[in-house]
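Let me begin by presenting the structure, written as structure tokens, before commenting on it.
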Amino acid sequence: MTVWLSRLTLNPHSRAVRGDLASSGAAIKLHRRVMSLFPEIDGDDARARFGVLFRVEDTPQGYAVLIQSTHEPDTARLPESYGALRSRPLDPLLDALKPGRRIRYRCVANAVRRPGATTRELYQLKAVVALSGRNADEWWQRKATAAGLEVESVLSQPVDTVRGPRGTSGEAATQHMRHARTQFDGTAVVTDADELREQIIAGIGRAKSYGCGLLTVAPAGGAA
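Positions in the sequence shown are counted from 1; adding 377 to them yields our numbering.
Here it is, written out as structure tokens:
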């Protein structure tokens, strides 16, 4: 199985791009746009089937979307003048991961906790509680350790919260969702290369359809 990492550099003059990036529903619109690059399938969850994860990057050259997948995206499915898509196999980087290797990482994730029923009732909490600050950093430390990393440093910052309907028709169109997002950057040492490869491919945490979960790594000293 080949894992692909693609960079979609967006054209700021494209009306379709401006529409996709507008409002707090941008991640929902981008999810649909990203999934349009892959074959339509019946029954199964296409995102999971093709291992699709994505993240928006705000670069000095403008916005770009990083897309990871186990199926090469089809640039012909983009609207005219939407942007430039470049894809490359990620396998050489994944194969180069070894215990003891220092890496730089970046991950936008939905850092949350699920309190037990007693705690929810006692403190009047929701079923899913978004984490921030030190609590979010501690969440990331746990996730990174489980993913085969020993974190050396972490810098976290909030990213726009995803808000909007769960779908475009039927009952899903009446259901409102909200996913808080935090970006984690830093350095770490690989402790379990096999587990790290699996977690990179699978993604970290929840809300993977909405710009969360993509963990990118690079040798320490290079850009993550």
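Ideal Cβ placement from N, Cα and C applies to all residues, glycine included.
Alpha-carbon to alpha-carbon, residue j and residue i
| i | j | result |
| --- | --- | --- |
| Cys484 | Cys589 | 8 Å |
| Gln560 | Leu430 | 15 Å |
| His408 | Glu527 | 31 Å |
| Leu591 | Ala473 | 19 Å |
| Asp514 | Ala403 | 25 Å |
7 Å CB neighbourhood of residue i in its chain, flanking five on each side removed
| i | result |
| --- | --- |
| Ile405 | Val539, Gly541, Tyr587 |
| Glu572 | Ala524, Gly525 |
| Arg426 | Ile418 |
Identity of the residue in the options nearest residue i by Cα
| i | options | result |
| --- | --- | --- |
| Ala441 | Ser383, Arg519, Thr447 | Ser383 |
| Thr386 | Ala461, Arg392, Leu414 | Ala461 |
| Pro596 | Gly477, Gln576, Lys585, Pro535 | Gly477 |
Distance CB(residue i)-CB(residue j) smaller than 7 Å
| i | j | result |
| --- | --- | --- |
| Gly428 | Thr452 | no |
| Thr564 | Glu529 | yes |
| Asp419 | Arg410 | no |
| Glu434 | Leu443 | yes |
| Val380 | Asn388 | no |
| Trp516 | Leu508 | yes |
| Lys475 | Ala579 | no |
Other residues of its chain near residue i: CB distance less than 6 Å, five sequence neighbours each side excluded
| i | result |
| --- | --- |
| Asp562 | Arg483, Leu532 |
| Ile581 | Cys484, Ala486, Lys520, Gly590, Leu592 |
| Gln445 | Leu382, Leu430, Leu591 |
Neighbourhood of residue i by C-beta distance below 8 Å, restricted to the same chain and skipping five residues each side
| i | result |
| --- | --- |
| Met378 | Thr447 |
Inside the segment 451-529 only - alpha helix (DSSP H) runs reaching at least 4 residues | 468-472, 494-500, 510-523
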